[in-house]
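Below: one structure, written as structure tokens.
2 protein chains.
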Amino acid sequence: MLTSMEEREPERLPTATLILDVAERLLQIRGFNAFSYADIATELKMSKAALHYHFVGKAELGGELINRYTIRFVAALAALEARVSDAPARLAAYSDLYLALLLEQKMCLCGMLATDFETLPDSMHAGVVAFFDKNEEWLSRVLEDGIEKGALEFEETPSEIAWMIIGCLQGAMLIAKPYGDTSRFKSTASQLFKGLRAPAAKTSRSRAVK
Amino acid sequence: MLTSMEEREPERLPTATLILDVAERLLQIRGFNAFSYADIATELKMSKAALHYHFVGKAELGGELINRYTIRFVAALAALEARVSDAPARLAAYSDLYLALLLEQKMCLCGMLATDFETLPDSMHAGVVAFFDKNEEWLSRVLEDGIEKGALEFEETPSEIAWMIIGCLQGAMLIAKPYGDTSRFKSTASQLFKGLRAPAAKTSRSRAVK
DNA sequence: GTCTATACAGCGATAGAC
DNA sequence: GTCTATCGCTGTATAGAC
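Chains A and B supply the protein sequences, listed in that same order.
Residue numbering for the first sequence follows the working numbering, beginning at 1 and increasing consecutively.
Residue numbering for the second sequence follows the working numbering, beginning at 1001 and increasing consecutively.
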């Protein structure tokens, strides 16, 4: 059951879905300006013209990629929230969503688009911002809940913490790329959340001093 | 006086310097795949062929941009270290280097190249990694010094904290771009360093609970 | 829906004159 | 050192047949 605020992923022709799948992967690995209709066509063994039948231009394709990615990401957050009830564990699961991308050598789709932001078609700008806003909203709710239940403790507003989490995880992914490993990402993610746990909750997960 | 480990920025023809200046700005704003010899030539009112006289190809130009940027960045860190003696203040000044970029709508040059990493000429890869390594080394030294002097306190290794700082600041810049403001960056940077200050030093800068 | 063929702009790069 | 001219290729996008 969907609430009025959530959006449903539109039904698509099978071919359109295949195109989005390939384009999404190329975008997350190479960036918006470093993949082409030819790349997608080659991989799917289709002509470039067939792609244009499904997606008029690259700006439209990009817009649809953002929409689908955002809908799926929001759905993953809702599923995560239903599965995990403890706020610190929810934050850890949130960072695991990013870690999963990293294991496939990918960046977050909207993180990649953020670096390409100046060169994107205007029509794609709002979608990128909306993605980050939805992340901030979800994290703020989780953080607030964690405060109320006494599992989390911090001085700043939930929104400020949320932006810190989003930025730090995106940046940790960015740094991971040239090194081709996940160790820096994992270390950063765990440090990030350690400082948010309430003293009582801290003991269960804290590490020994080296 | 330079130590044996530091490199000196090579003397260049005035034109070569102008080319690097323009290319650097375009790269930091648009990314490596979203600026061209034509862009630089137009801006400098020169022909593309003249650019090729100074820099054989785009890979060489990119390599020189990384080298110059790294040398200047390392020099800025050394100057900062000479000017500021307190470890927490050094960290704040470090993040101000990034903030200064953001005020010009720029990303860190190597942060931008990290997102473009998969599509870069192989010859540019090592330079990007070297830039981040130098950042890690400098930060680790500052962090270690802060521990020894009792100004900083943390459980992880200096290296782990250093990577966290680098990643979080790069990511905070990335998030700032689509929003076109510096507020999220500033908030993240201040939170980042707050958790590292030793209790005794904390009182001087801590903020009231909202 | 998919194809071939093609238009047209932009790319990095080179030749050769000045 | 800088130019004009041009090459070969790739980019996005379209026309029109099937």
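Don't be surprised by glycine CBs; every beta carbon is placed ideally from N, CA and C.
Output needed for residue i: all residues of its chain with C-beta closer than 7 Å, excluding positions within five of it in sequence on either side, in chain order.
{"i": "B:K1134", "result": "T1070, V1074"}
{"i": "B:A1016", "result": "H1054"}
{"i": "B:T1203", "result": "At B:T1203, the pLDDT of 48 sits below 50, so the modelled position is not reliable and the matter cannot be decided from this model."}
{"i": "B:L1051", "result": "I1019, Y1037, I1040, A1041"}
{"i": "A:F132", "result": "C110, I166"}
{"i": "A:Q105", "result": "I29"}
{"i": "B:E1007", "result": "I1071"}
{"i": "B:K1048", "result": "Y1037, A1038, A1041"}
{"i": "B:A1130", "result": "T1070"}
Beta-carbon of residue i versus every beta-carbon of chain B: anything under 8 Å?
{"i": "A:P178", "result": "yes"}
{"i": "A:W138", "result": "no"}
{"i": "A:R141", "result": "no"}
{"i": "A:M164", "result": "yes"}
{"i": "A:R184", "result": "yes"}
{"i": "A:E118", "result": "yes"}
{"i": "A:G62", "result": "no"}
{"i": "A:E160", "result": "yes"}
{"i": "A:E156", "result": "yes"}
{"i": "A:E9", "result": "no"}
{"i": "A:S204", "result": "Low confidence applies here, because A:S204 scores a pLDDT of 48, under 50, leaving its location unreliable; read the following figure in that light. No, its Cβ sits nowhere closer than 8 Å to a Cβ of chain B."}
Within 8 Å of any Cβ in chain A, is that where the Cβ of residue i sits?
{"i": "B:N1033", "result": "yes"}
{"i": "B:F1132", "result": "yes"}
{"i": "B:V1128", "result": "yes"}
{"i": "B:S1187", "result": "yes"}
{"i": "B:A1198", "result": "no"}
Cutting at 8 Å between CB atoms, please list the residues of its own chain near residue i, excluding the five before and the five after it.
{"i": "A:E64", "result": "L20, F55"}
{"i": "B:L1196", "result": "P1088, L1091, L1143, G1146, L1152, E1153, F1154, I1161"}
{"i": "B:P1199", "result": "E1153"}
{"i": "A:E136", "result": "S159, A162, W163, I166"}
{"i": "A:F35", "result": "A23, L26, L27"}
Could you tell me which chain A residues have their CB closer than 8 Å to the CB of residue i, listed as they occur along the chain?
{"i": "B:M1107", "result": "T115"}
{"i": "B:R1068", "result": "In chain order: nothing, as chain A lies at least about 19 Å away."}
How close, in whole Å, do the beta carbons of residue i and residue j come, if the pair is a contact with beta carbons under 8 Å?
{"i": "A:L99", "j": "A:F185", "result": "6 Å"}
{"i": "B:L1169", "j": "B:S1095", "result": "6 Å"}
{"i": "B:L1044", "j": "B:L1018", "result": "6 Å"}
{"i": "B:V1128", "j": "B:I1066", "result": "6 Å"}
{"i": "A:R83", "j": "A:E9", "result": "Not quite, the Cβ-Cβ distance comes to about 20 Å (not below 8 Å), so this is no contact."}
{"i": "A:W138", "j": "B:S1187", "result": "The pair is not a contact, with the Cβ atoms about 18 Å apart (cut-off 8 Å)."}
{"i": "A:L102", "j": "A:T157", "result": "Not a contact, Cβ separation roughly 29 Å."}
{"i": "B:L1113", "j": "B:A1093", "result": "Actually they do not touch by this definition, with Cβ atoms about 24 Å apart."}
{"i": "A:A76", "j": "A:L97", "result": "6 Å"}
{"i": "A:G171", "j": "B:G1171", "result": "2 Å"}
Taking Cβ-Cβ distances shorter than 8 Å, what residues in chain B pair up with residue i?
{"i": "A:L174", "result": "G1111, A1114, T1115, G1167, Q1170, G1171, L1174"}
{"i": "A:G146", "result": "What A:G146 touches in chain B: nothing, since even the nearest Cβ is about 16 Å away."}
{"i": "A:E24", "result": "Under the 8 Å cutoff, chain B gives no residues; its nearest Cβ is about 15 Å from A:E24."}
Anything in chain A within Cβ reach of residue i, meaning under 7 Å, just list it in chain order.
{"i": "B:Q1028", "result": "By Cβ distance, chain A contributes nothing, its closest Cβ being about 10 Å from B:Q1028, past 7 Å."}
Tell me which same chain residues have a C-beta within less than 6 Å of the C-beta of residue i, skipping the five on either side of it?
{"i": "B:M1107", "result": "Q1028, M1173"}
{"i": "A:A59", "result": "P121, S123"}
{"i": "A:T115", "result": "none"}
{"i": "A:L192", "result": "C168"}
{"i": "B:K1194", "result": "none"}
{"i": "A:A189", "result": "S95"}
{"i": "B:A1126", "result": "none"}
Mind listing the chain B neighbours of residue i? Cutoff is C-beta to C-beta under 7 Å, in chain order.
{"i": "A:T15", "result": "Residues of chain B passing the Cβ test: none, with the nearest at roughly 26 Å."}
{"i": "A:G195", "result": "G1195"}
Please tell me whether, using a cut-off of 7 Å, the distance from the CB of residue i to the nearest non-hydrogen atom of the ligand HEM is below it.
{"i": "B:G1167", "result": "Absence of the ligand HEM from the depicted structure is noted, as is the absence of any ligand whatsoever, leaving it without description."}
Using 8 Å as the Cβ pair cut-off and three pairs as the minimum, do the segment 117-131 of chain A and the segment 1024-1032 of chain B touch? yes
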